[in-house]
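Structure first, then comments.
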Amino acid sequence: MHFKTAYLKLTLFYVLIVMTISIIFSVVIYRISSVEIDRGLGNQTRALREMPHSNNPFIDKLEQIRDTQLEESNNRIKLNLIYFNLLILVLSSVASYFFAKKTLEPIEKAMEAQNRFTADASHELRTPLTAMKTETEVNLRDKNLNLSDAKKLLQSNLEEIDKLEYLSSALLKLAKYDNETKKDFERINLAEVIEFAIEKVDKLANQKSIVISAKLKKVEMLADKPSLIELFVILLDNAIKYSPKGSKVTVETKKTDHHLKVIISDQGIGIKKSDLPYIFNRFYRADISRSKEKVDGYGLGLSITKRIVELHGGTITANSKIGKGSEFTIHL
Ligand code: ADP
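Just so we're aligned, residue -14 is where the sequence shown starts under the working numbering, counting upward by one.
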C-alpha cells in the first residue's frame, strides 16, 4: 500500500514535468505562429494599399477578411495544440507510470528483503531468549530447587547464551561485510591464509577423525586477510559439520592465466538439487540439516561467504550430490 502511493506520486511528478515543458513549448509555438501569420497577411494588405486605386472599398473588405482569417487560424492552432497536449498527457501518464515502477521496484524488493531479514533475525534471537525465560521461571517456581538443579539451569542458560552470542556476531558480520569496501586490502599469500583457516578448524576435524588434505599453490593477491580467513573457516567448518566420521575434506587451489579457483570438497551428506539455489540466502537451511542430522546452525554462514567473495570481486558456486558429498568453488 505504501509503495502504491509512492508509484502514483512519482508518476504525477513525471507527468507534471513533461506537461510543464509541453505547455511552455505550445505557448511559444502559438505566439510565434500567430505573429508570423499576422505579419504575412499584413504584408499582403500593405502591398494592395500601395497599388493604384488603393482607396478601392474592396481593400477595406479585404482587411476585414484578413482579420477573420487571422482569428480563425489562431483558433485552429490553439485547438491543434490542445489536442496535441492531451495526447502528450495520455502518453506521458502511461510512460511515467512505467518509469515510476521501474525506478521504485528495486527499492521495494530491497525493502521487502530487509523486512524479511529483520523478521527472521528477530525470530531467531527470540527463540533462545524464550527458552531461557521459560526454564528460569519454571525453576524459580520450584520450592525444592537444589544446587544440582540450579547448576543444570545455569548450564542450559549458558548454552542458549552461546547461541545468542553466535547469532549476534553472525548478524554483525553480515552488516559489516555489506558496508565494507576494497580500500583496506593488503597483499596476502593465499596458501598461508588457507593453512591458517585449516588450523582453526583442526580441533573440530580431529573430533570427527576427518582428514583435511590441502593442495595449495603459492599465490599472492590483494585481499582483506581477516575476511578471507573467515570465508575458508566457514566453508571448512560446514564441510566437517555435514560429513560423517572418518571422511575426507579436500582444499585445492587452481590457477589459470586470469583466474584463480579454490575448491573445497567433502564426502558428506550432500545438498538436494532443489535446495542448491537457496543455500546462499540468509537463514536458509536445507531440510536434511534441520531434521534428520540435527546439525546446529542458523543458515547465515554461506550468506557471509557470498558477501566476502563478492567483496573480493569473485563468485562462489556449489555442486553437490545427496549422500556423495559437496563441492564449493570460489572463483577469484
Ligand atoms: P548453517 O549454519 O545451517 O550451516 P550455512 O549458511 O553455512 O548455514 O549453510 C546453509 C545450508 O547449506 C546448511 O543448513 C546446509 O543445509 C547446507 N550446507 C552448507 N554446506 C554444506 C556441506 N558442506 N554439505 C552439506 N550441506 C551443506
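Backbone N, C-alpha and C fix where the C-beta goes; we use that ideal spot for every residue, glycine too.
Note that this is a predicted model, so its numbers are computed, not measured.
For ASN223, the distance from the CB to the nearest heavy atom of ligand 1 is below 6 Å.
Sequence-distant partners of LEU156 (beyond 5 residues in either direction) whose C-beta falls short of 8 Å from its own C-beta, in its chain, are ALA106 and LEU285. Within the same chain, THR314 come within 7 Å of THR302 by CB-CB distance, once the 5 residues on both sides are set aside. Per DSSP, the unbroken alpha helix (DSSP H) holding MET96 starts and ends at 42 to 126. Listed in chain order, the beta strand (DSSP E) elements of length 3 or more contained wholly in the segment 271 to 307 are 300 to 306.
Under a 10 Å Cβ-count criterion, THR290 is classified as buried, with 16 or more other Cβ atoms of the shown protein chains found around its own Cβ. CA-CA distance, THR(-10) to HIS243, rounds to 49 Å.
THR5 is bridged by DSSP to nothing; it lacks a bridge partner. DSSP, read as helix, strand or coil, puts HIS316 in strand. Ranking LYS200, VAL186, ALA182 and GLU145 by CA distance to the CA of SER212 puts ALA182 first. Burial check for TYR162: the Cβ neighbour count within 10 Å reaches 16 or more, so the residue is buried.
The secondary-structure analysis by DSSP pairs LYS233 across a beta bridge with VAL196. 7 Å or more divides the Cβ of LEU296 from the Cβ of GLU93. Counting the other Cβ atoms within 10 Å of the Cβ of VAL196 gives fewer than 16, which makes it exposed. Annotation for TYR227 indicates a beta carbon within 6 Å of some heavy atom of ligand 1.
Distances from the CB of ILE264 to the heavy atoms of ligand 1 include at least one below 6 Å.
Residue pairing by DSSP leaves VAL0 without any beta bridge partner.
Separation of ILE256 and ILE249 (C-alpha to C-alpha, rounded to the nearest whole angstrom) is 14 Å.
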